[in-house]
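Numbering (the working numbering), first residue to last: 227 to 622.
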């Protein structure tokens, strides 16, 4: 199947130039010119490949999921502009941009742990795991629920991602999912697990306050499954959910991290900076140096020193070293403030219980937490249940 799709792409490139073509209006992909039957819906801005010459005002085209059919040539343009007179198809299920979740044409994921693949083939490489409630780019939507949808929204093969039509739709309603879950037979464990996973994922895509009731239901199912690791992981996530539901205000977080510093081999840095002289005196010459392009000018220098214990941006002329990442071990500590000293003995559970109200978290990056500042954030990583590293990330 992979070879077949590659050949389709290769042949279309040979037959037609690399010129890109877009649709300047909503329309449908018809089975033949002037036919009533159609294969799917196009939204304004969708990209198509031309496969044939003009047939009385109709052109054969290929959609971004490799469906082939016909559309009226008047809807095909080499570029889009603000003067386009868009004809809206009110039966088109694809949502337009401008809602609170996505800026372009899109739909939402309906299933938990949905695999997005590199090709429209169930055996193709998995590019991403999607969660219930994730918005995805959709410019062409086939009618057949068992057809594939390109959720990258264009023909760029390097980034193309496909999933089945039946797993996409309007954004699910969390309250409705919870009500349906509560009606399930208690002994229907498989069905309850599926529904509770969707509830948890949608809660993460909604509001921190929705996490506690979501995990309460999921935990009921986990206990039924009697999987010790899953129980422990869920208990940790329940503690995280409770902390996030009591999230601190931005001004409280700013006060909390006002005096942040490091302790590196017993030396307190007093800030995120130290001199290059002090750096080399403490850690020696770096095993590795590298220059990294910094178009935004975020760091002290584009020259980085890499040590086993830390990564530092160094301005050798100014004798200045900016600490970017620290690996937490017997020698290194992260001191958020005098009352919050984080060392290598700190467990993930203890961290959440003590500081969970100050952090941001995501289901997609488990065991990684952020403390948000005005122009940057600290990213804290835990491995095997212990504090592993902290990195500062600046906004461009």
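Where is the CB? At the ideal position from N, CA and C, for every residue including glycine. Treat the numbers as computed from the prediction; the structure is a model and nothing was measured.
Bounding residues of the alpha helix (DSSP H) (the contiguous stretch that carries residue i)
{"i": "residue 311", "result": "Neither: residue 311 is in no alpha helix (DSSP H) and is coded neither H nor E."}
{"i": "residue 605", "result": "From DSSP, residue 605 is part of no alpha helix (DSSP H) but of the beta strand (DSSP E) over 602 to 609."}
{"i": "residue 405", "result": "400 to 409"}
{"i": "residue 441", "result": "437 to 451"}
{"i": "residue 254", "result": "No alpha helix (DSSP H) contains residue 254, which is instead part of the beta strand (DSSP E) from 253 to 256."}
{"i": "residue 481", "result": "476 to 482"}
{"i": "residue 420", "result": "415 to 430"}
Cβ neighbours of residue i in the same chain (closer than 6 Å, five flanking residues each side left out)
{"i": "residue 239", "result": "Below a pLDDT of 50, predicted positions are generally treated as unreliable, and residue 239, at 43, falls in that range; no measurement from the model is reported."}
{"i": "residue 338", "result": "358, 423, 424 and 427"}
{"i": "residue 594", "result": "607"}
{"i": "residue 474", "result": "583 and 584"}
{"i": "residue 356", "result": "335, 340 and 342"}
{"i": "residue 605", "result": "596, 617 and 619"}
Exposure label - residue i; buried when at least 16 CB within 10 Å
{"i": "residue 609", "result": "exposed"}
{"i": "residue 663", "result": "Shown here, the chain extends from 227 to 622; a query on residue 663 therefore has no answer."}
{"i": "residue 254", "result": "buried"}
{"i": "residue 618", "result": "buried"}
{"i": "residue 451", "result": "exposed"}
{"i": "residue 458", "result": "exposed"}
{"i": "residue 446", "result": "exposed"}
{"i": "residue 567", "result": "exposed"}
{"i": "residue 523", "result": "exposed"}
{"i": "residue 603", "result": "buried"}
{"i": "residue 411", "result": "exposed"}
{"i": "residue 283", "result": "exposed"}
{"i": "residue 349", "result": "exposed"}
{"i": "residue 236", "result": "Below a pLDDT of 50, predicted positions are generally treated as unreliable, and residue 236, at 45, falls in that range; no measurement from the model is reported."}
{"i": "residue 526", "result": "buried"}
{"i": "residue 308", "result": "exposed"}
Top-ranked residue by Cα proximity to residue i, from the options
{"i": "residue 560", "options": "576, 468 and 615", "result": "615"}
{"i": "residue 321", "options": "260, 367 and 430", "result": "367"}
{"i": "residue 380", "options": "475, 246, 449 and 540", "result": "246"}
{"i": "residue 252", "options": "417, 314 and 333", "result": "314"}
{"i": "residue 363", "options": "402, 342 and 481", "result": "342"}
{"i": "residue 536", "options": "514, 544 and 522", "result": "514"}
{"i": "residue 352", "options": "370, 384 and 333", "result": "384"}
{"i": "residue 279", "options": "347, 603 and 297", "result": "297"}
{"i": "residue 613", "options": "620, 569, 599 and 591", "result": "569"}
{"i": "residue 262", "options": "415, 567, 295 and 281", "result": "295"}
{"i": "residue 401", "options": "440, 375, 415 and 543", "result": "440"}
{"i": "residue 372", "options": "387, 354, 360 and 392", "result": "392"}
{"i": "residue 316", "options": "269, 327 and 287", "result": "269"}
{"i": "residue 547", "options": "463, 529, 479 and 399", "result": "529"}
{"i": "residue 487", "options": "369, 472, 549 and 435", "result": "549"}
{"i": "residue 534", "options": "510, 540 and 526", "result": "510"}
{"i": "residue 464", "options": "435, 476, 482 and 565", "result": "435"}
{"i": "residue 361", "options": "455, 485, 327 and 478", "result": "327"}
{"i": "residue 489", "options": "521, 564 and 541", "result": "564"}
{"i": "residue 611", "options": "344, 596 and 592", "result": "592"}
{"i": "residue 408", "options": "520, 485 and 421", "result": "421"}
{"i": "residue 449", "options": "571, 518, 477 and 415", "result": "415"}
Own chain residues within Cβ distance below 7 Å of residue i, not counting five before or after
{"i": "residue 491", "result": "508 and 557"}
{"i": "residue 466", "result": "578, 582 and 587"}
{"i": "residue 545", "result": "501, 502 and 503"}
{"i": "residue 288", "result": "238, 274, 275, 277 and 294"}
{"i": "residue 496", "result": "487"}
Cβ neighbours of residue i in the same chain (closer than 8 Å, five flanking residues each side left out)
{"i": "residue 323", "result": "329, 330, 331 and 332"}
{"i": "residue 419", "result": "447 and 451"}
{"i": "residue 286", "result": "276, 277, 278, 294, 295 and 296"}
{"i": "residue 390", "result": "371, 372, 373, 374 and 375"}
{"i": "residue 395", "result": "319, 333, 334 and 336"}
{"i": "residue 231", "result": "Residue placement at residue 231 cannot be trusted, given a pLDDT of 47 that sits under 50; what the coordinates show is reported in the next sentence. Excluding residues within five positions, the ones whose Cβ falls inside 8 Å are 292, 345, 346 and 347."}
For residue j and residue i, believed in contact at Cβ under 8 Å, the rounded distance
{"i": "residue 302", "j": "residue 249", "result": "7 Å"}
{"i": "residue 601", "j": "residue 584", "result": "Contact doesn't hold; Cβ gap of about 17 Å is too wide."}
{"i": "residue 346", "j": "residue 433", "result": "Wrong, their Cβ atoms sit about 34 Å apart, outside the cutoff."}
{"i": "residue 512", "j": "residue 532", "result": "6 Å"}
{"i": "residue 505", "j": "residue 538", "result": "6 Å"}
{"i": "residue 589", "j": "residue 430", "result": "4 Å"}
{"i": "residue 365", "j": "residue 272", "result": "4 Å"}
{"i": "residue 437", "j": "residue 471", "result": "7 Å"}
{"i": "residue 574", "j": "residue 462", "result": "7 Å"}
{"i": "residue 404", "j": "residue 598", "result": "About 29 Å; that fails the 8 Å criterion."}
{"i": "residue 562", "j": "residue 483", "result": "6 Å"}
Run of the beta strand (DSSP E) containing residue i, from where it starts to where it stops
{"i": "residue 454", "result": "From DSSP, residue 454 is part of no beta strand (DSSP E) but of the alpha helix (DSSP H) over 454 to 470."}
{"i": "residue 503", "result": "Here residue 503 belongs to no beta strand (DSSP E); instead the alpha helix (DSSP H) covers 502 to 509."}
{"i": "residue 548", "result": "546 to 553"}
{"i": "residue 627", "result": "There is simply no residue 627 to check, as the chain begins at 227 and stops at 622 in what is shown."}
{"i": "residue 332", "result": "332 to 335"}
{"i": "residue 539", "result": "536 to 541"}
{"i": "residue 246", "result": "Where residue 246 is concerned, there is no enclosing beta strand (DSSP E), given that its DSSP letter is neither H nor E."}
{"i": "residue 262", "result": "First-last for residue 262: undefined, no H or E at that position."}
{"i": "residue 293", "result": "Careful: residue 293 lies outside any beta strand (DSSP E) and carries neither H nor E."}
{"i": "residue 342", "result": "340 to 343"}
Residue i Cβ short of 7 Å to the ligand GDP heavy atom set
{"i": "residue 567", "result": "Annotation note on the ligand GDP: not contained in the displayed structure, which lists no ligands."}
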